[in-house]
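Participant:
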Amino acid sequence: MSVNSVDSKLSALLTAVEALRASASSTTAPAIERFSADLAAARFHLKRDVSKHEPIILAVLGGTGTGKSTLVNRLLDAEQHPLTASSFRRTFTAGPVAIVHESNRLPERWLGIDHVAIDPAQIPARGRTDALSIIPNNHDLTRSLTLIDTPDLDGDQLAHHAQADRVFRWADAVLFLVTPEKYQMTELLPYYRLAKRYELPALFVMNKVEEQAVVDDYGKQIEAPPFAIPRDDASYTASADANLDVLKTRLTALMVSPSDTRQFGLKNRTIDLLDRLRDQILAPLTQDRKAIDQIIASLRAMETPSRQIDVSPMMSQLRRRLQQRSVLYLMGPTRVLDRVRQVPGLLARLPRTTWDWIRTGQVNLGDDETLPPELKNGKAGAPDFHSVLADQMRIVQARIEDAIVASPQSRTWMAQPGRGGLDDALIDPNEAGNIASDELNLLKEWLNKKWNATPRDTAVLSRLIKHLPGGEKLTRWSEAAPYLLAAVVATHHAFFGPVDLMVIGGWSLATYLTERLSNEVASRTRETNRAINRRFEQLAHQQINRAVEWLNSRAPTNRSLDELKAIADRISETLE
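Be aware that the sequence shown starts at -16, since it is given in my numbering, and climbs by one per residue.
Pasting the structure below:
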């Protein structure tokens, strides 16, 4: 196994994994963080030159109340002036503390976090959660050994376990410390196995011992002879080959594993990392990517035109609602033929809603279930096209949210810390409402322009309208009233009786004017309808694109996942 070859591949793997961090879910991100730290530790061991006889880095691991800090002080003969703080309080050590000889230095960025020198005034030290605390020392033991005091493996704070685990991954050797009450703690068992698998020199110490039987039982469990340290007030005395003095001697002579054995341990360490990569990172991210691709496909399907209509499926409801409420659609031939009323005294066919406007100045919206509560069972003013389109945009957004929330992984996507949620990707529905306002303002400007451009024609129509029942109300309601009337009369073949037309003033003139003007108005109306539909479709398309962009940010691309798999496979081939 070539060190340089493996290290270069591990470096590429670390870069690829770090690139996934920005798009990882709240459940995968911790796995990526831990993997990156452990991968950095593996590279440290791979490049560590043991031939330089640098001090061995020894991690002291144990559970709450086992006396780790106390043991470190006793090993360095610092009981009267302790270096690391100890207390009857459980989980007292807050972070890793390194005892380094004054003539030695820890490797730069060892442990992958900042190193902070402890001021003598701050000794004894409890450690910090965000850095490695370093205490200089001139004891003979620290010339060949750097001791790392760690937080509890079984404490009530998960951060403490993570810090102790990280120290274990970076250490050259490990000292496991237990007590008669703690030697069967389940948290230590995995580390016993890993120390053996990674070929780490390991020492086992039972502290606060009162009888030999429990020491013997512990030795059977670990299949190795443990050292024993009696409780201060106990009558028990450890055997001559397993007491504290022998432990100090053993630590002084501690050496890293031979090259071949150490290389075997590094291989196992790398294999375990690759297995974790596939199980804890690649597998869930691949599932997220598949789920996201399915949701994106369903969102894109919303934009697929239907065969029988000229707008997308999302536009069909908008089209129906506009047909029900819009004066523009009321002039359309289908709607007018469905809803016409005979005007008393004159054969002019007008849509029901328009006729209500002429007769009463109001529109009775009845019991339409699609209307908001404030418009039900009552009379309202002019149709609010702005609200109609804004509501339709909310419907589009609700369908997008429904498609996303339906996925089991959506909760993890929504809960990603420090990143924008789906709400940040939603367009303000009022932007859709502004489409109607903009287009209707343009239509109004056109109508005003046409009205003022043909004063003779409009004057005749104005006089014509005044003779119609309700015509004056229609004129007050809209400056474009003559055009609205002309569109209804001519386009839908309404006609005047010859006697009434003679009274009003000229059959041929009325027919000519209404046909010409109604064609212009009908054409401009259709153009406005098309513009509203087109702009709404564009806005809905933009909304879908923003939702798709948000979804794509929740998981890496298939390409990046495939590249990561390929790097892992190449490393596996190198290790074979």
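C-beta: ideal position from N, C-alpha, C; glycine also.
(1) Who does ILE554 pair with in a DSSP beta bridge?
(2) When burial is assigned at 16 or more other CB atoms within 10 Å of the CB, is ASP132 buried or exposed?
(3) With DSSP collapsed to three states, give me the class of PRO119.
(4) For my contact list, PRO539 and ARG272 are in at a C-beta cut-off of 8 Å; report their separation, rounded to the angstrom.
(5) Can you give me the C-alpha to C-alpha distance between VAL229 and ALA25, rounded to a whole angstrom?
(6) Just to confirm my understanding: we take ARG152, look at its own chain, exclude 5 residues before and 5 after, and list those with CB closer than 6 Å. What are they?
(7) Can you check whether the CB of LEU227 is closer than 8 Å to the CB of VAL43?
(8) How about SER52 and ALA77: are their beta carbons less than 8 Å apart?
(9) Would you give the residue range spanned by the alpha helix (DSSP H) that HIS28 belongs to?
(10) Flag this pair as yes or no: are the beta carbons of ASP239 and LEU130 separated by less than 8 Å?
(11) Is ASN87 closer than 8 Å to ILE275 when the C-beta atoms are compared?
(12) Measuring CB to CB, does GLU206 end up less than 8 Å from GLY248?
(13) I need the straight-line Cα distance from SER281 to GLN526, nearest angstrom please.
(14) Check whether the Cβ atoms of SER6 and THR395 sit closer than 8 Å, and answer yes or no.
(15) How far does the beta strand (DSSP E) with ALA156 in it reach, from first residue to last?
(16) From which residue to which residue does the alpha helix (DSSP H) around GLY248 run?
(17) Roughly how many angstroms lie between the CA atoms of HIS543 and THR511, to the nearest whole one?
(18) Ends of the beta strand (DSSP E) at VAL239?
(19) Nearest-angstrom Cα distance between ARG308 and ARG261?
(20) Taking DSSP's pairing of strands, which residues face PHE187 in a bridge?
(21) Counting C-beta neighbours from all protein chains within 10 Å, is the total for PRO79 16 or more, i.e. buried, or is it exposed?
(22) Looking at LEU237: is its Cβ nearer than 8 Å to the Cβ of ILE39?
(23) Across the segment 405 to 419 and the segment 366 to 385, are there enough close Cβ pairs to call them in contact, namely three or more that are closer than 8 Å?
(24) Please classify ARG252 as buried or exposed, where buried requires at least 16 neighbouring CB atoms within 10 angstroms.
(25) Between THR125 and VAL83, is the Cβ-Cβ spacing less than 8 Å?
(26) Helix, strand or coil: how does DSSP classify ASP224 here?
(27) Just to confirm, are LEU58 and ASN120 a CB contact at a threshold of 8 Å?
(28) Taking 8 Å as the limit between beta carbons, can you name the residues of its chain near TYR175, skipping five residues before and five after?
(29) From this set, LEU426, ALA419, VAL99, ALA523, which residue's C-alpha is nearest ILE378's C-alpha?
(30) In whole angstroms, give me the CA-to-CA distance for ARG180 and LEU(-3).
(31) Can you check which of these residues, ARG233, LEU3, LYS432, GLY46, is closest to GLN140 by C-alpha distance?
Facilitator: Once the coordinates are examined:
(1) In DSSP, ILE554 forms no bridge with anything.
(2) buried
(3) strand
(4) 7 Å
(5) 31 Å
(6) ASP21, ALA24
(7) no
(8) no
(9) 12 to 30
(10) Reading off the sequence shown, one finds Val at residue 239, where the question assumed Asp. Not a contact, by the Cβ cut-off of 8 Å.
(11) no
(12) no
(13) 14 Å
(14) no
(15) 156 to 161
(16) 242 to 259
(17) According to the sequence shown, residue 543 is Ser rather than His. Roughly 46 Å between the two C-alpha positions.
(18) Here VAL239 belongs to no beta strand (DSSP E), and DSSP marks it neither H nor E.
(19) Residue confidence for ARG308 is low, a pLDDT of 36 falling below 50, so the modelled location carries little weight; the figure read from the coordinates is stated next. Cα to Cα, the separation comes out at about 57 Å.
(20) PHE159
(21) buried
(22) yes
(23) yes
(24) buried
(25) yes
(26) coil
(27) no
(28) PHE159, ALA185, ILE205
(29) ALA523
(30) 23 Å
(31) GLY46
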